[in-house]
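Peer 1: Residue numbers (our numbering), protein chains in the order written: chain Y, 1 to 145; chain W, 146 to 566.
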Amino acid sequence: MDDISKLLIRDHRRCDEMFVAMEQALYHSKWSHAEKAAYDLAHAMERHFNLEEERLFPELEQVSSQASGPVSVMMMEHAQMRHLLKTLQSSMQQQSKETLLGITDTLLVTMQQHNMKEENILYPLADRFVADLGEEIARGIAEPE
Amino acid sequence: MNTAGLSLDQAPPITIPFKYFLTASLFSIAVGLLLILYGGDVMRSRWSPLALGMTHLITVGFIAQVMTGAIMQLLPVLAGSPIPRVVAVSRIVHLALSAGTAFLVCGFLSSRERLLIAGGITLFAAFLILLASIGMALLRSKSHRHRVRTLVFGWTALAPTVILGGYLVAGLTGLSQVTEMRQIVTLHLSWGLLGWIGIVLFTTIFELVPMFYVAPGFPVFIKQWSLPAVFLLLIIFTVSKFLPSVFLEAGLVLIVMAFFIIGLFVLRTVYQRKRLIIDTTLLFIWTGVGSLLLAVVVWLSGGNDMLLGGLLLGGVCLSIPIGIIYKVIPFLCWFHLQGLLVKQKKFHHTVPSMKHFIKEKEAKRQYILHLIALCLLLMATQMPNSFTIPAGVVFMFSSLYLFKNILYAYIVFHNEWNSVC
């Protein structure tokens with residue numbers, strides 16, 4: 001079975017691809033397509049955040065004292081991304097490409113630097129300390145939306 | 146595992162990168178001024194004090210400032226380990242780097258030995274403190290990922306560059322007898338350009354392009370092995386200067402080929418990106434990599450040194466860092482403001498998007514000026530009398546525009562910060 005980092009990294013890449021589809025639709029002013037894609041992305045990311053916040057992070061904090069600092073930063077960045085996704089969806093009505101592409105650019109950079117921290121620091125900790133959670137995480141990611 | 150760097154409170158203050166990036170653009174304005182003031186004379190020979198002054202304005206004045214400002218931000222994210230006492234270290238290094246560059250360049254231009262010595266000593270101190278701090282941060286980091294390892298090679302290459310530079314200053318000022326001046330210069334610039342700048346810039350590109358353009362990752366042999374191989378080949382090339390051997394000297398050819406292949410892979414990865422938007426950062430990366438490939442062709446075909454220097458210094462060393470600045474600054478502004486909102490629990494307040502801090506239109510305008518300046522600079526290497534002054538004028542405006550863009554971002558950031566507090 002794949003370890004936790006592999007599973008969650010794969011999910012990051014899946015969200016990246018959904019992001020691209022959404023931004024591409026915005027770029028070409030395909031508004032209804034973009035709206036649907038933004039909804040799908042927000043949904044996929046929410047599921048990823050929930051899996052981490054409800055299952056992975058609490059377990060990790062329990063077994064590793066090193067994890068509590070990074071976990072609180074990750075949670076804060078989740079909140080930032082949720083906020084960006086909400087702003088993106090609510091700004092869709094204005095159909096202003098410049099505003100929306102400004103938000104998507106910010107969202108992408110936030111996602112990427114966040115993923116980098118998780119993939120470099122937190123997920124290796126997870127593989128080391130809470131490998132048993134792997135199966136549950138695999139199920140959580142595979143669940144149909 | 147040291148995780149302190151992941152706490153927002155311990156992220157370096159945003160004034161640090163701003164200070165370094167603004168100073169860097171001031172030095173690049175000075176490059177333009179130098180070209181205007183001295184005209185075609187700058188382009189006569191790579192050995193002239195004028196050319197040496199200009200080279201160091203770009204490498205130490207611009208690149209070293211940008212890379213230092215960036216590494217202080219990057220270490221916590223990349224290695225989970227911040228520079229110890231980052232505020233004090235950044236202040237000292239910034240001051241020493243700026244003063245050292247000014248002394249050294251003025252020393253070259255005026256041929257005053259005292260200034261050259263002052264420049265050499267101050268820069269030596271600046272780099273020593275910087276390298277020691279980076280070393281301490283990396284030792285504390287338990288992250289042994291390849292990206293940190295490659296960065297270590299890049300920053301380690303700065304050590305021989307600085308030592309050889311110091312030795313050359315001693316030779317130029319008569320403090321020491323340097324018999325093989327040309328050989329030492331070749332080693333100094335090989336370690337500096339191909340080792341330190343080349344390895345650090347491409348380590349950054351290997352991370353940045355897949356992340357920000359949603360492109361496939363670079364193949365393992367490129368991402369993990371090509372740059373350490375460059376480092377190893379630089380050692381072999383250095384040994385060849387002491388134990389003359391055609392075999393060892395071929396090290397340099399292999400390094401050049403390695404960079405050619407790396408450049409092609411960067412273009413391939415950019416081509417394969419899923420995010421098709423072409424932003425200013427990408428334009429700068431294309432220009433930088435295009436210049437690198439052209440430089441290799443010029444070098445292999447025995448083209449002249451000045452053209453090669455123009456391509457490497459103006460095309461690669463200036464373009465790629467400016468492109469990175471345009472991504473880093475808006476993000477840092479946004480990130481620090483977001484952090485402040487969370488800290489103050491002002492969730493109703495909205496931070497403007499990254500594009501608000503440096504408008505895409507403004508960044509693109511600066512890119513166009515940069516591109517024109519670069520073309521004129523390359524033409525000036527062939528026809529110094531006709532093109533050096535126009536190149537200097539456009540280059541100065543391009544650098545002023547860069548300075549303005551960075552300063553504008555800082556003012557917007559500052560206003561937003563005040564409105565939140």
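No residue lacks a Cβ here, since even glycine has one placed at the ideal position from N, Cα and C.
This one's a predicted model, so the numbers in the text were calculated from it and none came from an experiment.
1. Could you check whether Y/D16 and W/D424 sit closer than 9 Å to each other, using their CB atoms as the reference points?
2. Please work out which residues of its chain come closer than 7 Å, Cβ to Cβ, to W/F269, disregarding the five sequence neighbours upstream and downstream, and give them in chain order.
3. Taking the alpha carbon of W/P355 as the reference point, which residue from Y/D2, Y/L8, Y/R13 has its own alpha carbon closest?
4. Distance check for W/W431 and W/L412, CA to CA, integer angstroms please.
5. Under three-state DSSP, which class holds W/G185?
6. When we look at the beta-carbon of W/W192 and count the other beta-carbons within 10 Å, is it buried (16 or more) or exposed?
7. Check each residue of the stretch 419 to 442 of chain W: if its Cβ is closer than 7 Å to any Cβ of chain Y, include it; give the result in chain order.
8. If we ignore side chains and look at the alpha-carbon of each, how far apart do W/T246 and W/F347 end up?
9. How would you label W/E325, buried or exposed, when you count the other beta carbons within 10 angstroms and need 16 or more for buried?
10. Taking only runs that begin and end inside the stretch 27 to 101 of chain Y, name each unbroken alpha helix (DSSP H) of 4 or more residues, in chain order.
11. Rounded to whole angstroms, what's the CA-CA distance from W/S385 to W/H515? Just pull it up for me.
12. Buried or exposed, going by whether 16 or more other CB atoms sit within 10 Å of the CB of W/V398?
13. From the DSSP output, in three-state form, read off W/I551 for me.
14. For a contact defined as C-beta to C-beta under 8 Å, what are the partners of Y/A79 on chain W?
15. Note down, in chain order, every chain Y residue with its Cβ under 9 Å from the Cβ of W/T495.
16. Helix, strand or coil for W/L421, going by three-state DSSP, please let me know.
17. Verify the CB distance criterion: does Y/V130 have a CB-CB separation below 9 Å to chain W?
18. Which of the three DSSP states, helix, strand or coil, is assigned to W/N449?
19. Measure from the alpha carbon of Y/L56 to the alpha carbon of each residue in Y/A126, Y/H33, Y/D40, then state which is nearest.
20. Under a three-way DSSP split, which group does W/G252 fall into?
21. Name the chain W residues whose beta carbon is nearer than 7 Å to that of Y/Y27?
22. Determine whether the Cβ of W/P229 lies closer than 9 Å to any Cβ atom of chain Y.
23. Is the Cβ-Cβ distance between W/M217 and W/I161 less than 9 Å?
24. What residues in the stretch 348 to 364 of chain W bring their beta carbon closer than 7 Å to a beta carbon of chain Y?
25. Using the Cα positions of W/D450 and W/H333, report the straight-line distance between them to the nearest angstrom.
26. Between the C-alpha atoms of Y/M92 and W/K490, what's the straight-line distance to the nearest angstrom?
27. Sorted by chain position, which residues of the same chain lie with C-beta nearer than 6 Å to Y/A38's C-beta, five sequence neighbours on each side aside?
28. Report buried or exposed for W/T148, applying the criterion of at least 16 other Cβ atoms within 10 angstroms of its Cβ.
29. For W/I513, which of W/I503, W/L372, W/V539 has the nearest alpha-carbon?
30. Could you give the distance in angstroms between the alpha-carbon of W/F548 and the alpha-carbon of Y/Q62?
31. In terms of alpha-carbon separation, which member of W/I469, W/T533, W/L486 lies closest to W/I551?
32. Taking C-beta pairs closer than 7 Å, name the residues in chain W that Y/D16 reaches, listed in chain order.
33. Name the residues in the stretch 450 to 484 of chain W whose C-beta lies less than 9 Å from a C-beta of chain Y; which are they?
34. Using only the alpha-carbon positions, how far apart do Y/V71 and W/L388 sit?
35. I'd like to know whether the C-beta atoms of W/V314 and Y/V20 end up nearer to each other than 9 Å.
36. Under the three-state reduction of DSSP, which class applies to W/M528: helix, strand or coil?
Peer 2: Here's the rundown:
1. no
2. V307, G311
3. Y/R13
4. 8 Å
5. helix
6. exposed
7. K419, R420, L421, I422
8. 24 Å
9. exposed
10. 31 to 50, 57 to 63, 68 to 91
11. 38 Å
12. exposed
13. helix
14. V487
15. H83, T87
16. coil
17. no
18. coil
19. Y/A126
20. helix
21. I422
22. no
23. yes
24. M356, F357, V359
25. 16 Å
26. 26 Å
27. M22, L88, Q89
28. The predicted position of W/T148 is uncertain, since its pLDDT is 39 and thus under 50; no value can be drawn from it.
29. W/V539
30. 48 Å
31. W/I469
32. V359
33. K472, P475, F476, W479, F480, Q483, G484
34. 54 Å
35. no
36. coil
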